[in-house]
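Trainee:
Chains as they are written, first to last, in this note's numbering: chain A, 1 to 151; chain B, 1001 to 1160.
1. Determine the burial state of residue 3(A): buried for a count of at least 16 other Cβ atoms within 10 Å of its Cβ, exposed for fewer.
2. For a cutoff of 8 Å on Cβ pairs, would you count residue 54(A) as touching chain B?
3. Looking only at its chain, what residues have a beta carbon closer than 6 Å to the beta carbon of residue 1096(B), apart from the 5 residues adjacent to it on each side?
4. Using a C-beta cutoff of 8 Å, does residue 75(A) count as contacting chain B?
5. Suppose you measure from the CA of residue 9(A) to the CA of residue 135(A); what does that come to, to the nearest Å?
6. Which residue comes first and which comes last in the beta strand (DSSP E) that contains residue 1018(B)?
7. From the DSSP output, in three-state form, read off residue 25(A) for me.
8. Which residue's Cα is closest to the Cα of residue 1065(B): 126(A), 99(A), 82(A)?
9. Between the C-alpha atoms of residue 1033(B) and residue 1091(B), what's the straight-line distance to the nearest angstrom?
10. Rank 1102(B), 1106(B), 1010(B), 1045(B) by C-alpha distance to the C-alpha of residue 106(A) and give the top, closest one.
11. Go ahead and label residue 127(A) buried or exposed: buried means 16 or more other beta carbons lie within 10 angstroms of its beta carbon, across all protein chains shown.
12. Mind listing which residues of the region 5 to 22 of chain A have their C-beta closer than 7 Å to chain B's C-betas, in chain order?
13. Can at least three beta-carbon pairs, one atom from the region 84 to 92 of chain A and one from the region 1005 to 1014 of chain B, be found at a separation below 8 Å?
14. Taking a cut of 8 Å between CB atoms, which residues from the region 1038 to 1059 of chain B lie near chain A?
15. In this structure, does DSSP put residue 180(A) in helix, strand or coil?
16. Please report the Cβ distance between residue 1053(B) and residue 27(A), rounded to the nearest whole angstrom; I am assuming they are in contact, meaning their Cβ atoms lie under 8 Å.
17. Starting from residue 1028(B), trace the beta strand (DSSP E) both ways and give me its first and last residue.
18. Identify the continuous beta strand (DSSP E) that holds residue 1094(B) and give its terminal residues.
19. Using a C-beta cutoff of 8 Å, does residue 113(A) count as contacting chain B?
20. Identify, in the order they occur along the chain, each residue of the same chain with its Cβ nearer than 7 Å to the Cβ of residue 1102(B), setting aside the five sequence neighbours on each side.
21. For chain A, check one thing: does any of its Cβ atoms lie closer than 8 Å to the Cβ of residue 1065(B)?
22. I need the straight-line Cα distance from residue 74(A) to residue 14(A), nearest angstrom please.
Quick look at the structure:
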């Protein structure tokens, strides 16, 4: 979720490019750019665009790739790259396959496996909670037929 | 429906074949994504480098460029919405779930707070957030586990 959406200011399709930046960060680093157990602190980090390229995982990643992420995870939406501009970036348009093949990301793939496992677990929990809540709603509706639920 | 129909020419956006609006049910006939989620495919790899990541990113950017050229903002891009059409081709990526998508009529004209994390919306939506969460989670539950049926040969499935 882009900072401008969190803040509540009007936005446009550039908010999608923030999401592309987050997805690209996860694809290359193996973990999300903004992490915090406390939701308030997490949102503050997003609003300020406070993230890092940790050397342990980002050391093997090319500068061109990191530059692209930096230009996508840009808090000021008007300075964020558009999709067309991102397609013309060095990493996408100019870097050779041979040079990119040399950037092995085995350690990052391990991180990505952990991230993906947690993501799937959260989705499964959310599904169970949703089904339980729906059952409660239906039971409520059945026993009190005169009651209307205002969506 | 109108947005997804307008984006049908792009090879990297899930196809909407048809929809039926009946008194009790709403039916969507969508392309089947035989390959599942992109991230599940990537973590199955034994070797991974920047060339693979760039290939994925380029496809994603081309699909987003196609949407934005037509002034459509997806508004919920996340790993769960990046699917694979093929069980074998890693580049058969398609963007799915245009439930939050909206046409941008002028710069900075969107105001609705939506996207991930859902909990952010719940908090700001007050009493409506809980119901919103139930709907969202149910959509995922139904898509992932329950109500998807159809034949593999048809290349389509129906979401009841």
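Just so you know, even glycine gets a beta-carbon here, dropped at the ideal spot from N, CA and C.
Mentor: Let me spell this out:
1. buried
2. no
3. 1014, 1081, 1083
4. no
5. 37 Å
6. 1016 to 1021
7. helix
8. 82(A)
9. 13 Å
10. 1045(B)
11. buried
12. 5, 6, 8, 10, 11, 12, 13, 15, 16, 19, 20
13. no
14. 1039, 1040, 1042, 1043, 1045, 1047, 1048, 1049, 1050, 1051, 1053, 1054, 1056, 1057, 1058
15. The structure shown does not extend to residue 180(A), since chain A is modelled only from 1 through 151, so no value can be given for it.
16. 5 Å
17. 1026 to 1031
18. 1093 to 1095
19. yes
20. 1073, 1075, 1110
21. yes
22. 10 Å
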